[in-house]
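Participant:
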Amino acid sequence: MDADKKIQQRKQNRKNRLKAVRRHWQLYLIVALPVIYLIVFRYMPIIGSQIAFRDYTFRGGIWNSPFVGLKHFKTFFSSPQFSRLMINTLGLSVYGIIVGIFPPIILSISLNYVRMKWFGKTVQMVTYMPYFISTVLIVGILTQMLSLTGPVNRLIQTLGGEAVHFMGSPKLFKSLYVFSDVWQKTGYNAVIYISALAAVDQELHEAATVDGANIWQRIRYIDIPGILPTAVILLIMSCGNILTIGYEKVLLLQNDLNMTSSDIISTYVYRIGLTSMQYSYSTAIGIFQSVVSLFLLLVVNKISDKVSETSLF
Amino acid sequence: MKKNWNNNRVFYVVNMVFLVLCFLIVALPIVNVIASSLSTPNAVVRGKVSFWPIGFNFDAYQQILANKMLLTGYKNSIIYMTVGTCVNIVMTILAAYPLSVKDFVGRKVITSMFIFVMIFTAPLIPTYLNVKNLGLLDSMWALILPGAISVYNMVIARTYFQNSIPGEMLESARLDGCDDVGILLRMVLPLSKSIIAVLVLYYAVYHWNSYFDAFIYLSTDSKFTLQLVLRNIMSSVAALQEMVATAEQSMRAATIEVLKYAVIVVGSIPLIVLYPFIQKHFVKGVMIGSVKG
């Protein structure tokens, strides 16, 4: 009896599905173009990544170049560059995450409690603006401001210090990268927290005020818990990008002088691949990068799901 | 209100000072760049310019605007941005709409296909070889087709279609005999103007500001984007010297410095001018995006 019912149910389901397919046949036509795009431009390169396990030759191409297994991965892991690249990459992104996480939160809370609305609006608008300046020009501004004869060095000299060669210093490279990012993106990143703060229940604030809480206490016990889920999600996403940080800007800031600290995996992949034309080796490093990123994303997601019940998926 | 002010006076004052500081940190470098670009080379090199032009003049701008590469770059970037954004919008909607229909069989599979490429990207070389094999090297399509859909933006659009357009309305249209294409064109799109505006902005800004794709895919000067041209001008002394060939020998280095400032201003003007108008929509986009789908 029960089995009978199940079979009946399954038949019914199949019928419904068929009906749905027939009813929505046009949707398949609509979605066809995006699916073709996905296959041609997104999955073909993934299939092409198999050259990491081959010795790529122009004649053999993706499918017929000689298979060499994990040779390129082994070469990379045992190469002297490996540890330097890992240290630089991890150092730069962890530094960036740590420095970058608080300024948008502080700015958004600060804007939330401003008494003159027009003033808050102005500050928000101005701090948001650098987000629209391209990376090429951000690097241009940095170079101009920090050049040996630029305004910053002039100020240092007026105060009695010695001129600093910012752009050519391996020691300062990471800070340059991280703090120029803070300069450019804090306003933009604050917007998401501002909307999270706006979603906080206002009655909580009223009740707290009646009970005699001051603003510091209201921030500590109402606002911060309110924006914590957002912060966690953003943190998860940035952890997934730990190995793939904005190579465009690093590449633009890179020069022979700061190379020891500015050479990261992404720029190495670019240099080995497109400048030295070692296609297979570069792809192997790229795969390593993507796989580790994927792994990190899943791990951090799992941890935050357990700890704070906030997760990406 | 009065009591609130008295109890928290310290907070409000500290907060105000903090925001003024934020404002200055962001604004002063920009003001300095603009002031320097309008000053005489002599004043810039001697470090006299802080936040107001010394010896106000437009010489640097005249020299830059006489540069053909820059104008070509502007023209190319406008074309690539316009065509690219149109492709982006059409493709994104074509993907987002079917994936927002709840009883669309295959929805889960296709959505997972999208999510997978968002979290696992192919390395640089296979991507490059793919573009090369398709015969797109050194053409504007190399900058447009590989990124035709940003999965993130597609998810934003899909979430909007799901949450902001009343399902009952679409259902009743379906009962009245309207097919899926009709629903998309006559009901969904007219109701989605705000999200489309947001997507246009996201994609257009991306096209305008991106540098790396043009850098690796383009090789002919006449096809270069503005960002590529700007980078070449900023980083090569030769390109700058060409512009100041008329200046006296002793003044060349100084003139080049001013030119660099002017190049920065000319390069960022389009978005900075549009920015106050589009900022509102950007904020809206962030809020739609933050609604978990």
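So the protein sequences, as listed, match chains A and B.
Residue 88 is where the first sequence starts when you use my numbering, and the numbers rise one by one after that.
Residue 7 is where the second sequence starts when you use my numbering, and the numbers rise one by one after that.
Note that the Cβ used here is the ideal one computed from N, Cα and C, for glycine as well.
For clarity, every value in this text was computed on a predicted model and none was experimentally measured.
1. Quick check: the Cα distance between T127/B and G53/B, rounded to an integer number of angstroms?
2. In angstroms with no decimal places, state the Cα-to-Cα distance between V272/B and K389/A.
3. Check whether the region 379-393 of chain A touches the region 315-332 of chain A, taking contact to mean three or more Cβ pairs, one atom from each stretch, closer than 8 Å.
4. Kindly indicate which three-state DSSP category F64/B falls into: helix, strand or coil?
5. In chain B, which residues lie less than 9 Å from L384/A when you measure between Cβ atoms?
6. Put R141/A into one of helix, strand or coil per three-state DSSP.
7. Could you work out which residues of chain A lie near P196/B, taking near to mean beta carbons separated by less than 7 Å?
8. With a threshold of 7 Å between beta-carbons, can G299/B be considered close to chain A, or not?
9. Looking at the C-beta of I314/A, does it have a partner C-beta in chain B at a distance below 7 Å?
10. Run through DSSP, which three-state label would D91/A get?
11. Give the residues of chain A in contact with S274/B, contact being defined as C-beta atoms less than 8 Å apart.
12. Using 7 Å as the limit for Cβ to Cβ distance, is S170/B near chain A?
13. Just tell me which of T222/A, A295/A and Y355/A has its CA closest to the CA of S166/A.
14. Under the rule that 16 or more other beta-carbon atoms within 10 Å means buried, what is C28/B, buried or exposed?
15. Please determine if the region 292-310 of chain A and the region 232-239 of chain A are in contact, where contact requires at least 3 C-beta pairs separated by less than 8 Å.
16. Quick check: what's the CA-CA separation for D343/A versus L172/A?
17. Within its chain, find whatever has a CB closer than 7 Å to the CB of D268/A; leave out the 5 residues flanking it on each side and keep chain order.
18. Should A119/A go down as buried or exposed, given a rule of 16 or more other Cβ atoms within 10 Å for buried?
19. Can you check which of these residues, I279/A, S391/A, N345/A and T370/A, is closest to P132/A by C-alpha distance?
20. Would you call V20/B buried or exposed, if buried means 16 or more other Cβ atoms sit within 10 Å of its Cβ?
21. Within its chain, find whatever has a CB closer than 7 Å to the CB of L190/B; leave out the 5 residues flanking it on each side and keep chain order.
22. Since I believe L177/A is in contact with L263/A (beta carbons under 8 Å), could you give me their beta-carbon distance rounded to a whole number of angstroms?
23. So P152/B and G373/A are supposed to be a Cβ contact under 8 Å. How far apart are they, rounded?
24. Note down, one range per segment and in chain order, each alpha helix (DSSP H) of at least 4 residues found wholly within the region 61-109 of chain B.
25. For a quick check, are the C-beta atoms of I201/B and Y166/B less than 7 Å apart?
26. Alpha carbon to alpha carbon, how far is M271/A from L233/A?
27. Could you tell me the alpha carbon to alpha carbon distance between K93/A and Q99/A, rounded to whole angstroms?
28. Where does N82/B land, buried or exposed, given buried means 16+ other C-beta within 10 angstroms?
29. How big is the Cα-Cα spacing for M97/B and V187/B?
30. According to the Cβ coordinates, are S42/B and G61/B closer than 7 Å?
31. Buried or exposed: which applies to P196/B, given that a residue is buried once 16 or more other Cβ atoms fall within 10 Å of its Cβ?
Facilitator: On the basis of the data shown:
1. 47 Å
2. 47 Å
3. yes
4. coil
5. I125
6. strand
7. Correct list: empty, because the minimum Cβ distance to chain A is about 17 Å.
8. Residue confidence for G299/B is low, a pLDDT of 37 falling below 50, so the modelled location carries little weight and cannot support an answer.
9. no
10. helix
11. F219, I220, S221 and L224
12. no
13. Y355/A
14. buried
15. no
16. 16 Å
17. G183 and G187
18. exposed
19. T370/A
20. exposed
21. Y103
22. About 18 Å separates the two Cβ atoms, so there is no contact after all.
23. Not a contact, Cβ separation roughly 16 Å.
24. 65-71 and 74-106
25. yes
26. First, the residue type needs correcting, since residue 271/A is Gln and not Met in the sequence shown. Whole-angstrom Cα-Cα distance: 16 Å.
27. 10 Å
28. buried
29. 15 Å
30. no
31. exposed
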